[in-house]
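Reading through the structure tokens given below for one structure.
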Amino acid sequence: MRKILGSSVAVLLLFLLVVGCGIIQLEKTADIYGTVNLPPIDTTLEPMFLEDISFWDGVGITTVYLDGEEYTSTTSDGKFCFRDLSLGEHTLKIKDSIYTSEEITINLTEAGISDLHIDAKFDACFIGVQTAGPAAYRAQGFIISSYENVEMSYAGVYIDGETEMVGFGGYDENEDYLGVVFFLDLSVIDFVLGDTYTLIIDIYNEDDELIDTVTKDIRLPENIILKDVEINNGIPTFRWDGVEDREEINVSYELILKKGSYGDSIFLKDQTSYTMDSPLSNGNYSWQIACSVHDLSGHLVMVIETEWEDFTVNEPLI
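Per the numbering used here, the sequence shown starts with residue 4, numbered consecutively.
Here is the structure:
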């Protein structure tokens with residue numbers, strides 16, 4: 004009797020295990036593999052006004068958003084993938100400081116998607132470098148946009164509806180019209196870090212006809228505040244308030260230290276303090292923090308530099 008009962012229990016457990024596994028298997032997932040088709044651009048063309056920043060770094064990489072939240076960066080040849088996704092409807096969109104796309108909707112089945120193509124286009128862009136101290140933001144900028152079969156001549160840019168600037172299109176080294184690039188010199192305008200600005204961009208064709216208007220809000224990062232330098236046995240610890248954490252940007256810092264005409268740079272990640280490994284000799288020093296702001300695709304968006312601050316090392320001689 005016990006043997007029969009034991010066999011029955013074993014069969015029941017096996018049945019429950021099989022049924023349970025079947026239930027788990029009902030929650031199917033699938034993968035999406037795809038390629039972003041980027042608009043053509045001659046990367047040998049040098050920007051006219053961006054002497055301090057290399058715009059072309061990472062120009063072939065972009066960010067793909069899934070359902071407006073999850074994201075991944077493409078490889079340099081535009082490849083991307085999302086794995087183990089729930090079946091059903093999903094949306095995908097390209098968005099970073101250089102590229103954008105229309106949002107597309109796909110219906111994911113058990114077979115998955117192995118060759119999805121998304122067409123990207125250039126977005127209205129903004130880039131700059133601070134040169135006028137902690138309160139002002141001196142910017143240099145450009146606009147990029149793409150229009151098929153249209154040779155654009157210039158764009159008028161209105162910042163908060165007041166300041167107007169004009170940018171002109173460019174040609175590559177073979178004198179072929181790119182029809183995609185505008186460079187704007189915005190270095191005469193003061194921008195306040197931490198504020199949001201609205202750019203209204205009117206784009207004209209070669210016949211001086213308005214063909215498009217682009218509106219874009221630009222939120223500048225907050226300013227960096229140098230806090231203090233603490234000296235302990237000649238070893239300094241530097242502290243500063245960094246750029247506010249935001250989901251759409253990555254930051255890295257550079258500590259620049261000078262004594263007289265001699266200087267040294269220490270490249271850091273996103274930390275906001277740094278202690279040197281060895282003591283400094285007695286004397287007067289100056290220090291500065293430079294912050295590089297990148298979008299999620301790795302494109303350099305802007306560089307923020309603080310003013311110089313002085314400190315003194317005066318340790319007793321042994």
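Every residue gets a Cβ at the ideal spot worked out from N, C-alpha and C, and that includes glycine.
Bear in mind the structure is a predicted one, so any value in this text is a computation, not a measurement.
The straight-line gap separating the alpha-carbon atoms of E312 and Y277 is approximately 16 Å. In this structure, T65 places its C-beta atom within 8 Å of the C-beta atom of S300. For Q291, the pairing in a beta bridge is given by DSSP as I259.
Taking C-beta separations shorter than 6 Å and ignoring five residues to either side along the sequence, the partners of V232 in its chain run P239, F241 and F314, following chain order. With respect to the C-alpha of S295, the residue from S281, G245, V316 and N287 having the closest C-alpha is G245.
Residue pairing by DSSP places S76 opposite T66 in a beta bridge. When beta bridges are read from the DSSP output, H93 appears opposite I109. Per DSSP, the beta bridge partners of W243 are L229. With three or more CB-CB distances shorter than 8 Å, the segment 103-119 counts as touching the segment 75-95.
In the DSSP assignment, S300 falls outside any beta strand (DSSP E), carrying neither H nor E. One thing to note: A123 has its Cβ within 8 Å of the Cβ of S104. Within its own chain, the residues whose Cβ lies closer than 7 Å to the Cβ of I227, once the five positions on either side in sequence are excluded, are W243, D244, G245, V246, I292, C294, I307 and T309, listed in chain order. Short of 8 Å from the beta carbon of I252, and not among the five residues preceding or following it, lie these beta carbons of its own chain, in chain order: P224, V246, V296, H297, D298, L299 and V304. Following the DSSP letters along the chain, one finds D267 inside the beta strand (DSSP E) bounded by residues Y265 to F270.
Beta bridge pairing from DSSP links I116 with I35. Here L202 carries a strand assignment [DSSP, helix/strand/coil]. Annotation: the continuous beta strand (DSSP E) that includes V316 extends over E312 to V316.
Distance from the CA atom of Y161 to the CA atom of K82, rounded to whole angstroms, is 36 Å. When the Cα atoms are used, I35 and G237 turn out to be separated by approximately 56 Å.
Per the C-alpha coordinates, the member of R222, A33 and I116 positioned closest to L90 is A33.
In the assembly as shown, T77 is a buried residue. Its beta-carbon has 16 or more other beta-carbons within 10 Å.
Buried is the label assigned to Y74, since at least 16 other Cβ atoms lie within 10 Å of its Cβ.
A direct Cα-Cα distance of roughly 6 Å separates K261 from D267. Ranked by Cα distance from V67, the first of I203, N285 and I121 is I121.
Rounded to whole angstroms, the separation of the alpha carbons of R249 and L202 is 21 Å. Residue pairing by DSSP places A123 in no beta bridge whatsoever. Within its own chain, the residues whose Cβ lies closer than 6 Å to the Cβ of T199, once the five positions on either side in sequence are excluded, are D220 and R222, listed in chain order. Assignment of N208 by DSSP, reduced to helix, strand and coil, places it in the strand class. In the DSSP assignment, N40 is bridged to D122. Sequence-distant partners of L88 (beyond 5 residues in either direction) whose C-beta falls short of 8 Å from its own C-beta, in its chain, are T32, A33, D34, I35, L69 and L111.
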